[in-house]
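Chemist: Can you read through this structure? Questions will come right after.
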Amino acid sequence: MQSNSKVLLINHEKCTGCRLCEQVCAVKHHGASNPSRSRIRVLKWEMEGLYVPVSCQQCQDAPCLKGCPVGAISRNEELNRVEVDYDVCIGCRTCVSVCPFGAMHYNAIDGKVAKCDLCDGDPQCARFCDIKAIEYTDGGDVSIEKKRVAALRLSTVKKQAAALDEHTA
Amino acid sequence: MALDRKIAYINLTTGDIEVKPIPMEVRKKFLGGRGLDAYLLYNHTEKGCDPLGPDNALIISGGILCATLASATARTHVMAKSPLTGLLGSCNMGGFFAPEMAWAGFHHLVIKGKAEKPCYIYINNGEIEIRDAANIWGKTVTDTQWAIHDELNDKEVKSLVIGPAGENLVAYANVMTGVKNAGGRTGMGAVMGSKNLKAVSCRGTMDVKITHPMEALEYNKKFIEQITGAKVNQTQGTLGTPFIWGATNSWGGVRTENFRYNQLEYADDIEPERIDEIATETMGPYHMAGCFGCQVHCRAQYKIPSGKYKGKYDEGPEYTSQGAFGAEVGCRSAETVLAGNHLVDQFGMDNLETGSMIAWAMECFEEGLITKEQTDGIDLSFGNDEAVLEMIERICYRKGWLGDVLAKGGIPASKNVGKDSFDYLIQVKGMANLHSDERGTPALALNIATSSRGSDHLRSRPAIDLYHLPEKVLRKIYSTPVPYDGPLSSEHTEYVGKPWQVFWQENCYMAVDSLGICKYHTTFLGATLPNFENWPKVLYLNTGIEMTPEEIWEVARRNNMIERLFNLREGATRNDPEKGDVLNHRYHDEPCKRGAIDVIGKYIVKDKFDAMVDEFYEHKGLDKNGIPKKSTLKELGLENEPSHLV
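Here's what the structure looks like:
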C-alpha cells in the first residue's frame, strides 16, 4: 500500500478553546469524558485570548522512538504515525520525559503511556472541529496557505513602499 | 458515569462535609441542574430565611448531562434565596466550571453556614477541603482565579468566584468563572460573599463514563450539524449576541433612557458590526471563543480600543452590555459599552441590573428626585459616559450615598430615594428588566412578568415569536411533545395563543437547564434547533436513562412548579407590585414612541394582559391567584413537599 502523507494540521489562531477535541478523543479511546485521558490538549492563556491545541507531531525522527529502551515505539508508514506496542511497553515513561511537545502522556487510570494514534486514519478531533483549527490534511500542502498569506503581506509591503517612494520623491 | 456524580453538603460554620449519592428516583423526578437545585433549595431552607444569613443554602450544580458528549454541556447553575428579590435566586453560566466539578466527582454542592473568615472550597477528585482565602479576598474576578492557580500550583483548576461586588454584598453581585462567564441576576455573588466564600475551585481527572460511547459520538456529530446549521447560530458565531441588540434596536424593542423611548437613535458606534470591527482590530480575524464542547462559539474577545481602560482584555460584550451601558443610559459609545462590560466582569456584578440601576437613577436625577448633592456633584444626565463608568465603580465599592443606595437593588433603593421614584423602576419582583422593551410584544411581556426569578428573558421567552413564522411551523413546534390545539398567531403584537407559547418555552428552558446544556442549542433563537424530541436519545446514549419526550416535559413542569412553590412560600402573590406577576404601570400607560411602524403607539393593554396571565395560570394548573391546584400538585407528585429525598 502506498504510504500515507496525511498529517494533523493545527492552526491555533482559529481555535475557540472549546475543548471538544479533548472530549471526543477521550470518548473514542476510553468511552469516557475525561480530558486528562485525551491525547490532544488545549493550552490556554486566558487573559490573552490565546488557545493552543497540542498533540503528537508524529515526528520523522521521533525522540520517544529513539529513547524507548525496549523498542516498543515504532513508525507506521501506512498511517504516517508513531505508535506504541503495548505488549512490549514496560511503562517506564522515558518517552514522556523526552517528548519535546509533552504529547506523550501517562495515564494514571490505566497505568499506561498514551499518544495520538490519528484514530487509525479518521482523527475525531479534526472531524469534530467545526472551525477547522484542527485538520487532517495532505502533508505536502500544509504550508501553501501560510505561503499565500505571507505572499500577500509581502506584496502589500512592497506596494506601500512604492507609494511611499512616490510620495517622498 | 454521569449518574454516579454526587451531592456534597458543606457547612461553612462547622466545617462539616457530607457526601451523598443522587438516587435514581430523584434523577427521574428532577433530572439535575437547575431543576434539582430548586428541589434542594425548597428542602434545605426554611420560609423567611435571611438571604444573606447562614441559613440560606447556596447550591451549585451541573446538569445531568454535564461533561457528557451531548454538545455544550458546559452550563453551571447556582441557586439560593435571592438578596435582590427575597424570592428565588438563580443564575446560569457557560465556561468550563461545571464539567470540571463533574470530573472531580460532583454534580451538586449545597453550601450552608458562614465561615469565620474568608475561605474558598477546593475539590480535587472527590476530596473537599475548605482553605483560607485571606490572600485572595479583595481581588478582582480574574486575579482571584489566577491567584488560586498559583496557590495550588495547578493551572487546570477551574474556579467559580466572586469579585469585590460579592464581597461588598452588592445585591446583584455575580458568581463568575473564566474572564467573563457570568452567573448574573438575583445576586448569587452576594450570597457567596455573605458566607465569606470567595471561590469554589475544582480539579478532576475522574472518568465520566458514556453509556454508549460510539453511538453517542455519532449522534453528537449529527446534533452539532443541526445546531451549527441554523443560520442564527452561524450569526452568533460571527457577531456574538450583539447581533440581537442590533436587530432589536432597529424595530424598536430596546429600552432607552430608562423607559422613555424604545429605540436608541444614532447608535452606529455600538451596533454589532462596529463591536465586531473592534474585536477584529484588536484580536485578529479569529476572535470568537467557545464554552466547553460548543461549536457555536458566540463569545467575542476584545481589547478596549481607547480611553482610560485602553488595551484591557475582555470578552463579550453580550447584547446585554450594549443595553446596559448603551441605550438604557442614553450612551452611544463603543468605548463606554466595552469599558462598562469590563468593569462589571472584573467586579463581578450583573451588567443588566447595574445598567438598569444607573438608568433609573438618571431618570430620577433628570426628574429632580435625586439631587446633585446626593450624587456628590456628578451630573447624572442621560448620555454622560463618564458618569456611567464612575457609578459602576461607586456601586461596587458602595462609595457615596448614591453608590451605596443603588447597590441595595431597585426596591430598597426606591425606598431610600422616596417620592414616586418606585414608578420609574422598570422591574418585576424586584429585579430589573432586561434592556429590551416588551410593549410591542405581548408574549414577551407575559414572559418577563411571570418568570420565576423576576423580570427575565431566559426563563420563558418565546423569542421566535418575532420571526412571524407561519402558523403551521408554530403548530409543529408548540404541539410537541404534548398536543395543543388552541390558537397560535404569527403576529408578534397579538395576545392570542401567547400564554401557551410562554408556558411551552418555560418548560423547554427548564428542561435545558436541568439537562445542563445551552439555550442556543434549543428552541430559543432558532426554530429548527433540538428540543424535547431529540433529548431522550442524547440522555439515553450518554447516561443510560430512558425517558420519553413527554416524561422530560413532565419533569420540566414539576421543576417549574417547585420554583413557584418557593416563591409562594416567600410571600409572592399575583398582584403585589413588588413580588407579583405584574409589570411596571408604564407598560400599560405609555405607548412606544419610536421603532417600526407596527410598534409605534403600542402598549400592553391591561385587560388583555390580565387575560393572558389567567390563561397562563390555567396551562400551569394554577388557580386565578397563581396558587397551584391540589390536583396539579398531585399530578406532578409534589403534594408532600418538602419531601427530603435528598
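Going down the list, the protein sequences come from chains A and B.
For the first sequence, numbering that gives the first Met the number 0 assigns the number 0 to the initial residue and increments by one for each residue that follows.
For the second sequence, numbering that gives the first Met the number 0 assigns the number 0 to the initial residue and increments by one for each residue that follows.
Every residue gets a Cβ at the ideal spot worked out from N, C-alpha and C, and that includes glycine.
Values in this document were obtained by computation on a predicted structure and should not be read as measured data.
For chain B, find out if any of its Cβ atoms is closer than 8 angstroms to the Cβ of A/K13; answer yes or no.
Modeler: A/K13 counts as touching chain B.
Chemist: Can you name, in chain order, every residue of its own chain whose Cβ lies under 7 angstroms from the Cβ of B/N55, other than the five neighbours on each side?
Modeler: Taken in chain order, the residues that qualify are T44, C48, D49, A79, K80 and V190.
Chemist: Output, in chain order, the set of chain A residues within a Cβ distance shorter than 9 angstroms of B/H296.
Modeler: Chain A residues near B/H296: T15, G16, C17, D129 and I130.
Chemist: With 8 angstroms set as the bound, which would you pick, yes or no: does the beta-carbon of A/K226 sit closer than that to a beta-carbon of chain B?
Modeler: Since the first residue shown for chain A is 0 and the last is 168, residue 226 of chain A is missing from the structure and cannot be characterised.
Chemist: Using a Cβ-Cβ distance cut-off of 8 angstroms, determine whether A/N33 contacts chain B.
Modeler: Closer than 8 angstroms: yes.
Chemist: Mind listing the chain A neighbours of B/P212? Cutoff is C-beta to C-beta under 7 angstroms, in chain order.
Modeler: The contacting residues are V26 and G30.
Chemist: For B/N639, count the other beta carbons within 10 Å of its own beta carbon; 16 or more makes it buried, fewer makes it exposed. Which is it?
Modeler: When all chains shown are included, B/N639 counts as exposed.
Chemist: What are the residues of the stretch 185-196 of chain B that lie near chain A, defined by any Cβ-Cβ distance shorter than 8 angstroms?
Modeler: Those would be none; no residue qualifies.
Chemist: Over the uninterrupted alpha helix (DSSP H) stretch that includes B/N219, give me the two end residues.
Modeler: That run of the alpha helix (DSSP H) goes P212 to G228.
Chemist: Distance cutoff 8 angstroms, beta carbons only. Does A/M46 sit that close to anything in chain B?
Modeler: Closer than 8 angstroms: yes.
Chemist: Does the pairing of the stretch 134-142 of chain A with the stretch 25-41 of chain A give three or more beta-carbon distances under 8 angstroms?
Modeler: Result no; under three Cβ-Cβ pairs closer than 8 angstroms.
Chemist: A/I108 CB to nearest chain B CB: under 8 angstroms?
Modeler: It does; some Cβ of chain B falls within 8 angstroms.
Chemist: Would you kindly report the start and end of the unbroken beta strand (DSSP E) that includes B/M205?
Modeler: Premise fails: B/M205 is in no beta strand (DSSP E) and is neither H nor E.
Chemist: Any contact of the stretch 362-371 of chain B with the stretch 292-300 of chain B, i.e. 3+ C-beta pairs under 8 angstroms?
Modeler: At 8 angstroms Cβ cutoff, the stretches do not touch.
Chemist: Excluding five sequence neighbours on each side, which residues of the same chain lie with their C-beta closer than 6 angstroms to the C-beta of B/P163?
Modeler: Excluding residues within five positions, the ones whose Cβ falls inside 6 angstroms are F346 and C395.
Chemist: At the 8 angstroms Cβ level, is A/V23 part of the contact set with chain B, yes or no?
Modeler: A/V23 counts as touching chain B.
Chemist: Cβ atoms of B/V387 and B/V404: under 8 angstroms apart, would you say?
Modeler: No, the pair does not count as a contact, with Cβ atoms beyond the cut-off.
Chemist: At the level of alpha carbons, what is the spacing between A/M0 and A/E77?
Modeler: In this prediction, A/M0 scores a pLDDT of 45, lower than 50, which makes its location untrustworthy; no coordinate-derived value is stated.
Chemist: Please report how far the alpha carbon of B/G485 lies from the alpha carbon of B/R474, in whole angstroms.
Modeler: Using only the alpha carbons, I get a separation of about 9 angstroms.
Chemist: Could you tell me the alpha carbon to alpha carbon distance between B/Y38 and A/V53, rounded to whole angstroms?
Modeler: Taking the straight line from one Cα to the other gives about 42 angstroms.
Chemist: In chain A, which residues lie with their C-beta within 7 angstroms of the C-beta of B/A66?
Modeler: Ordered by position in chain A, the residues that pass the 7 angstroms Cβ test against B/A66 are S32.
Chemist: State the Cα-Cα distance for the pair A/Q22 and B/K154, rounded to the nearest angstrom.
Modeler: For A/Q22 and B/K154, the distance between alpha carbons rounds to 19 angstroms.
Chemist: For A/A162, count the other beta carbons within 10 Å of its own beta carbon; 16 or more makes it buried, fewer makes it exposed. Which is it?
Modeler: Answer is exposed; the Cβ neighbour count stays below 16.
Chemist: Per DSSP, which one or two residues make a beta bridge with B/I110?
Modeler: Its beta-bridge partners are B/I9 and B/L57.
Chemist: Quick check on DSSP: helix, strand or coil for B/G188?
Modeler: Correct three-state label for B/G188: helix.
Chemist: Indicate whether the contact test is met: 3 or more Cβ pairs, each with one atom in the stretch 203-220 of chain B and one in the stretch 268-275 of chain B, closer than 8 angstroms.
Modeler: Contact fails: fewer than three Cβ-Cβ distances are below 8 angstroms.
Chemist: Mind listing the chain A neighbours of B/A181? Cutoff is C-beta to C-beta under 8 angstroms, in chain order.
Modeler: Per Cβ cutoff of 8 angstroms: no residues; B/A181 is ~15 angstroms from chain A at best.
Chemist: Starting from B/D313 and walking both ways along the beta strand (DSSP E), at which residues does that stretch end?
Modeler: Start and end: Y312 to E314.
Chemist: Within the 8 angstroms Cβ cut-off, does A/M0 reach chain B?
Modeler: In this prediction, A/M0 has a pLDDT of 45, which is less than 50 and means its spatial position is unreliable; what the coordinates show is noted afterwards. Closer than 8 angstroms: no.
Chemist: May I have the straight-line CA-CA distance separating B/T141 from B/T479, to the nearest angstrom?
Modeler: Between B/T141 and B/T479, the C-alpha separation is close to 43 angstroms.
Chemist: Please go through the same chain and pick out, in chain order, the residues whose beta-carbon is closer than 6 angstroms to the beta-carbon of B/Q373, but skip the five residues on each side of it.
Modeler: Contacts found: W400 and L401.
Chemist: Using a Cβ-Cβ distance under 8 angstroms, would B/D149 count as near chain A?
Modeler: No, because no Cβ of chain A sits closer than 8 angstroms to the Cβ of B/D149.
Chemist: Less than 8 angstroms between C-beta atoms, sequence neighbours within five positions excluded: which residues of the same chain meet that for A/R147?
Modeler: Result list for A/R147: empty, nothing under 8 angstroms.
Chemist: Pull up the DSSP beta-bridge partners for A/L7, would you.
Modeler: BP columns for A/L7 point to A/Y135.
Chemist: With contact counted as at least three CB pairs below 8 angstroms, one residue from each stretch, are the stretch 178-186 of chain B and the stretch 1-10 of chain A in contact?
Modeler: Too few Cβ pairs lie closer than 8 angstroms, so no.
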